[in-house]
Structure formats: structure tokens, C-alpha cells
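Protein chains in written order, with our numbering: chain A, 1 to 173; chain B, 1 to 173.
In what follows, a structure is listed as C-alpha cells, so that the remarks can point back to it.
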DNA sequence: CACTCACGGTTCAATGACTGAACCGAACTG
DNA sequence: CAGTTCGGTTCAGTCATTGAACCGTGAGTG
């Protein structure tokens with residue numbers, strides 16, 4: 001497929017990575033998975049993404065070893081990040097920080113902290129207390145002053161509760 | 001434009017960032033700019049990208065304040081990263097590292113080092129000597145064992161020489 | 001048991017983005 | 001002055017995305 005997915009002529013790790021996560025919506029799907037969303041319907045409600053595209057992205061990410069798909073009830077699946085997928089956290093954090101820096105007039109929308117140190121991460125992703133770049137398993141997320149209240153779907157509401165990354169979402173429903 | 005560029009319903013810095021750099025080819029254009037490529041023709045030769053798309057991406061990145069366009073000779077322009085654009089380096093480094101980790105059987109394709117410390121960066125992007133996350137201005141790049149020799153265009157050849165990021169490319173031509 | 005609804009998809013026509021090739025004007029080169 | 005390079009633009013064809021409709025399974029309700 002010359003269009004869309006591949007960058008065959010580029011001898012470059014970046015091009016290979018983009019073939020996996022460079023398509024429209026893919027990064028936002030991964031963001032939701034880091035935040036704890038796991039089910040097809042929750043992803044669809046939160047992202048306003050066409051169902052066909054969501055199906056395509058999820059199966060592709062499973063094929064690439066970024067996600068696993070487990071049946072939690074006949075015909076119903078949960079998608080969770082594999083270790084390989086969790087290694088994308090620094091990329092998402094860096095890009096999010098970049099967006100925040102030039103596009104959040106009311107202050108940060110979300111604040112991340114290193115749970116063991118109880119210290120908020122600095123823009124580089126480092127914990128100011130221990131100097132490490134914490135993995136997502138050790139990061140707590142909570143809303144910041146820049147986060148709006150426009151979205152009122154169950155998933156958006158649940159995501160406004162402070163919680164640990166990767167822990168399954170508890171919707172009010 | 002509901003398709004392609006925007007993610008209007010997402011109240012999220014990541015979505016805003018993706019509206020700027022999330023389109024096909026954009027990240028690879030930025031990579032080349034970090035590596036020192038500055039001219040339309042060089043970008044086109046190195047990326048094998050349709051000229052119309054390259055034009056579109058460059059003007060869009062200029063509009064977004066990621067690049068500046070300067071005329072170095074009547075009708076000829078150079079594109080260089082603004083400070084805002086240079087802040088994308090951690091994102092590109094992180095994504096490139098991720099791609100490298102699972103897709104470079106022959107070892108790394110490119111090796112980055114912190115120039116003042118003369119130390120190779122570890123996967124997190126940190127300098128093992130000083131512990132900092134160096135900005136691109138302080139990073140030297142050189143080919144690693146995994147970098148193939150397939151591409152023989154002038155730009156690819158010039159990029160195989162060790163050099164400092166952001167310094168203008170010297171093509172043999 | 002019959003009914004209804006939620007879930008997790010698939011299908012399809014319309015629309016928009018990407019591709020590759022051709023074309024073009026200005027400016028330099030010999 | 002003819003030829004070439006640079007940096008584009010234009011255009012027809014192809015492919016991806018969209019949004020709406022449809023559908024089979026299984027759980028919950030009365």
C-alpha cells in the first residue's frame with residue numbers, strides 16, 4: 001500500500017515506527033489505553049471515531065504486538081498495552097508536553113506525578129525528586145486548570161478522576 | 001476539514017499537537033530538518049515524497065510557527081526549525097528509539113552523542129555522563145552498524161557523515 | 001419464554017487526501 | 001542564447017476516512 005501506511009524507501013527507525021503508530025487516530029487510541037480505557041465502546045464514545053476505523057486500528061495494533069486483546073465475556077474484548085506498547089509512553093508524554101506548551105492558555109490540562117515520590121513531573125518527563133524518567137506504571141494523573149468540562153460522556157467524566165495510568169477505567173454506568 | 005487534519009472534539013494537548021505534526025510525512029520532514037537538510041529539492045530527493053505534499057507540509061509548518069522560510073537566493077528558500085520546532089526533538093528521539101528497539105536487528109542505525117560530554121545517549125535520551133536530556137544543538141549524530149547503504153542519492157550520502165544536528169547539510173554536488 | 005437493549009462489529013456510498021506525472025516560469029550556466 | 005536546475009502548481013486516478021445503517025450474539029427484564 002503506497003498510500004497511508006508505509007514509508008518503504010526510508011531506511012530509518014522513525015519511518016518504521018510511523019508505519020505502526022503514524023496513522024490518523026492511532027496515537028489518540030493509545031493515549032486512551034494509557035489512561036485506562038479498555039473497551040471498544042468506551043474508546044468509541046470518548047474519541048468520536050468511526051467504528052470501522054477503530055476496528056482497523058485496534059486489530060492492527062494487536063498484529064504489531066502493541067496491544068493484546070482478551071475476551072472478558074463471550075464476544076466482548078478488552079484491549080491492553082503490551083510491554084512493547086507501554087514503551088511508547090515517553091513519546092506520548094513528549095508530544096503531549098509540546099502541545100501543552102504552546103496551546104494551553106489556562107495552564108496544563110493534565111498533571112502527571114511520580115507516585116513513589118509524590119512529585120509532579122517536569123516537562124522533560126523527569127521526576128524532580130529522583131531524577132528518573134518514570135514508567136507509566138508509576139505515574140498518577142489528575143486534571144489541571146486547563147482541562148475543560150465540555151465533554152460529559154461517562155468516559156470523559158471518569159477520566160477526570162485522579163488515577164494511576166494503566167488501571168482500568170471505572171465508568172459511572 | 002473534518003477529515004485528515006483536525007480532532008476538534010478532543011480536549012487534549014496531544015490532539016492539538018497531532019493537528020500540527022500528525023499528518024503523513026510531517027514527522028519525516030522534521031527529522032530531515034533536524035539532520036541538517038534545508039532545501040526543497042534535497043528534502044524531496046531524500047524523502048521520495050510527492051512535491052505537492054512537500055509544499056503543503058512546509059507551508060503548513062511555517063504557518064504553525066514550527067519552521068521559518070528564508071530566501072537565500074531569488075526564488076530559492078531554506079527551511080529551518082524555529083525554537084518551537086526544535087522543542088519537538090524529544091518526541092522524535094523517543095519515537096525513533098522505540099522504532100529502533102524492535103526493528104533494528106543489526107544494531108542501531110544512528111548513534112547520538114552529547115557533544116560536550118562526548119558520551120553516547122542512552123535510550124531515554126539522557127546523557128549518561130551529565131544526566132541531562134540534551135537539546136539538539138548539543139547532539140552529534142553518526143551512523144551505527146544497522147544503517148544500510150542502499151540509498152545513494154547525494155543527501156543520503158552526506159547524511160552518513162558524522163555531524164552536529166541542525167548544521168546545514170553539505171552535499172557533494 | 002418473549003422482548004429489549006448493549007456490545008462489537010461489518011458494509012456501503014460519499015468525500016477528501018495522497019500519488020505520480022506533467023507542466024511552468026524564473027534564474028543561473030556555458 | 002540554449003539548456004538546466006530549482007521550486008513550485010495542476011490534474012486525473014487511487015486510496016483512506018467518514019457517518020450512517022445494519023446485524024448477530026448474549027445478558028437482563030417481566
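Glycine included, each C-beta is placed from N, C-alpha and C at the ideal position.
- With contacts defined by Cβ atoms closer than 7 angstroms, residue 140 (chain B) and residue 164 (chain B) form a contacting pair.
- In this structure, the beta-carbon distance from residue 25 (chain A) to residue 53 (chain A) falls below 7 angstroms.
- Per DSSP, residue 129 (chain A) lies in no beta strand (DSSP E) segment and is marked neither H nor E.
- Counting along the chain, residue 141 (chain A) sits inside the beta strand (DSSP E) bounded by residues 139 to 143.
- Between the C-alpha atoms of residue 99 (chain B) and residue 110 (chain B) there is a straight-line separation of about 12 angstroms.
- A straight-line Cα-Cα distance of about 18 angstroms links residue 79 (chain A) and residue 154 (chain A).
- Residue 168 (chain A) places its beta carbon 7 angstroms or farther from that of residue 22 (chain A).
- Identification of chain B residues near residue 92 (chain A) by a Cβ-Cβ cut-off of 8 angstroms yields 14, ordered along the chain.
- Contact of residue 148 (chain B) with chain A by beta-carbon distance below 7 angstroms involves 11.
- With contacts defined by Cβ atoms closer than 7 angstroms, residue 104 (chain A) and residue 14 (chain B) do not form a contacting pair.
- Our two residues, residue 124 (chain B) and residue 94 (chain B), have alpha carbons roughly 7 angstroms apart in a direct line.
- Taking each of B:31, B:10, B:63, B:122 in turn and checking the Cα distance to residue 12 (chain A), the smallest one comes out for B:31.
- According to the DSSP assignment, residue 104 (chain A) belongs to no beta strand (DSSP E), since it is labelled neither H nor E.
- Look at residue 153 (chain B) here: in three-state DSSP terms it is coil, with no helix or strand label.
- The beta carbon of residue 72 (chain B) sits closer than 7 angstroms to the beta carbons of 78 from its chain, once the five residues preceding and following it are set aside; these are given in chain order.
- Among the CB atoms of chain A, none fall inside 7 angstroms of the CB of residue 52 (chain B).
- The beta carbon of residue 82 (chain A) sits closer than 8 angstroms to the beta carbons of 65, 66, 67, 68 from its chain, once the five residues preceding and following it are set aside; these are given in chain order.
- For the segment 50 to 92 of chain B, the continuous alpha helix (DSSP H) assignments of 4+ residues that do not extend past its boundaries occur at 51 to 63, 83 to 86, in sequence order.
- Apart from the 5 residues on each side of it in sequence, residue 20 (chain B) sits with its Cβ closer than 6 angstroms to the Cβ of 64 in its chain, given in chain order.
- For residue 45 (chain B), the CB contacts under 8 angstroms within the same chain, skipping 5 residues up- and downstream, are 153, 154, 155 in chain order.
- The residue from B:42, B:29, B:120, B:28 with its alpha-carbon nearest to that of residue 108 (chain B) is B:120.
- Put simply, of B:9, B:88, B:38, B:27 the residue whose alpha carbon is nearest the alpha carbon of residue 170 (chain B) is B:38.
- DSSP places residue 16 (chain A) within a helical segment (H, G or I) once states are collapsed to three.
- Those residues of the segment 27 to 46 of chain B placed with their C-beta closer than 7 angstroms to a C-beta in chain A are 27, 28, 31, ordered along the chain.
- By the C-beta density criterion, residue 27 (chain B) is buried, having at least 16 other C-beta atoms within 10 angstroms.
- Residue 89 (chain A) sits away from residue 134 (chain A), with the two beta carbons spaced by 7 angstroms or more.
- When C-beta distances to chain B are compared with 7 angstroms, the residues of the segment 121 to 133 of chain A below that value are 124, 131, 133, in chain order.
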